[in-house]
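Input: a single structure, listed below in structure tokens.
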Amino acid sequence: MSEMNVTYRSGEDIECWLTDMDGVLVHENHAIPGAAELIQRWVDTSRRFLVLTNNSIYTPRDLAARLQTSGLSIPEENIWTSALATAVFLKDQMPGARIYVIGEAGLTTALHEAGMILTDQDPDYVVLGETRTYSFNAITTAIRLILDGARFIATNPDATGPSRDGVLPATGAIAALITKATGREPYTVGKPNPMMFRSAMNQIDAHSETTAMIGDRMDTDIIAGMEAGLHTVLVLSGITREEDISAFPFRPNQVLGSVAELLTQL
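The sequence shown begins at 2 in this note's numbering and counts up one residue at a time.
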């Protein structure tokens, strides 16, 4: 597909795989050709892998069910969301922290299971995630709590998300609103923060030297994978076109048309 195709580092096989979801495995609720076969190959060969998503709305169980309707059988334990990464980060930073949350079940469940206390009374953190209906009252509360000293965390930086009717404002856009009102920038956990990948790798006991990241975006998946020291695979089945690559000052290790082309390499 491209002159940038290369062999794996030192000829070693990749032991663990991280992969983005939208644009790599699914597109508009339909499995991308080759995705189901790739997942099955990983399962059959006992490869450790995680499907990563910046979306914090759904729990892994919910996402597994949604992927099943798209024709992909992915166990919930193989799904890693920005909500789970945020919960791991906060548990490490302040076990049992008091948190005011703007988000849905994916985020509140992850924080609750990590031992956090969800409250609007004197919280240690305000955590902003994805939700279908951002409440002006909730945003106002978040602004006041941050001004009173709560630390500001966002699950992911995505400014917009897709819907059937067009783009929707997402976490990054609402975070910008809160930042404008408070003067406080959030610490953002999801891609392209390499912490999202490091938390995922810890989850499956992976090491950067033998782990690959598959993504469709140069500005999130590939740059974060590169910064985390992973072998990076860009697929052209999502956002990025081959002619877009040269605009970036870094390169993926491999460029493939889709995950179907990986099947010949495993």
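Every residue, glycine too, gets a C-beta built ideally from N, C-alpha and C.
Cβ pair residue i, residue j closer than 8 Å
i      : j      : result
Ala111 : Met197 : no
Val234 : Ile215 : yes
Ile15  : Thr211 : yes
Pro124 : Ala151 : yes
Leu64  : Asp21  : no
Tyr126 : Ile154 : yes
Bridge-paired residues (DSSP) for residue i
i      : result
Asp23  : Val27
Leu53  : Asp21, Trp81
Val127 : Tyr101, Phe153
Met214 : Leu19, Thr233
Leu68  : Note: Leu68 sits in no beta bridge, so no partner.
Pro170 : Thr161
Ala32  : Val27
Leu119 : Ile100
Tyr188 : Ile154
Whole-angstrom distance between residue j and residue i, CA atom to CA atom
i      : j      : result
Val256 : Glu29  : 22 Å
Asn79  : Glu186 : 31 Å
Arg42  : Asn254 : 22 Å
Gln266 : Leu39  : 11 Å
Ala177 : Ala36  : 35 Å
Ile175 : Thr46  : 42 Å
Trp81  : Lys181 : 30 Å
Asp121 : Pro96  : 18 Å
Asn194 : Pro158 : 9 Å
Tyr101 : Thr60  : 19 Å
Pro250 : Met219 : 10 Å
Asp245 : Asp217 : 11 Å
Ala66  : Arg49  : 20 Å
Ile75  : Leu68  : 7 Å
Val7   : Arg62  : The predicted model places Val7 with a pLDDT of 48, which falls under 50 and marks its position as unreliable; any figure quoted below should be read in that light. So the two alpha carbons sit approximately 36 Å from each other.
Glu228 : Ser247 : 18 Å
Leu19  : Thr142 : 36 Å
Phe137 : Ala207 : 41 Å
Glu243 : Asp222 : 15 Å
Residue i: first and last residue of the uninterrupted beta strand (DSSP E) it sits in
i      : result
Phe153 : 152-155
Leu257 : 255-257
Continuous alpha helix (DSSP H) stretch holding residue i: start and end
i      : result
Thr87  : 83-94
Met227 : 224-228
Ser200 : 195-204
Val44  : 36-45
Thr110 : 106-114
Ile140 : 137-148
Nearest residue (CA-CA) to residue i, options the options
i      : options                        : result
Leu33  : Leu64, Leu73, Val190, Asn138   : This sequence places Ile at residue 33; Leu is not what is there. Minimum Cα distance to Ile33 is reached at Leu73.
Ala160 : Arg152, Gly173, Leu148         : Gly173
Asn55  : Ile140, Val25, Ala84, Tyr135   : Ala84
Tyr188 : Leu129, Ala229, His31          : Leu129
Ala106 : His31, Ala115, Arg252, Thr132  : Thr132
Phe90  : Leu108, Glu243, Glu77          : Leu108
Thr156 : Glu243, Leu231, Ile103         : Ile103
Asp93  : Ser200, Ile224, Ile140, Val236 : Ser200
Gly24  : Val260, Gly258, Gly239         : Gly239
Gly184 : Phe137, Glu114, Ser209, Ile144 : Ile144
Contact test: residue i Cβ vs the ligand SAM heavy atom, cutoff 7 Å
i      : result
Ile224 : The model depicted lacks the ligand SAM and carries no ligand whatsoever.
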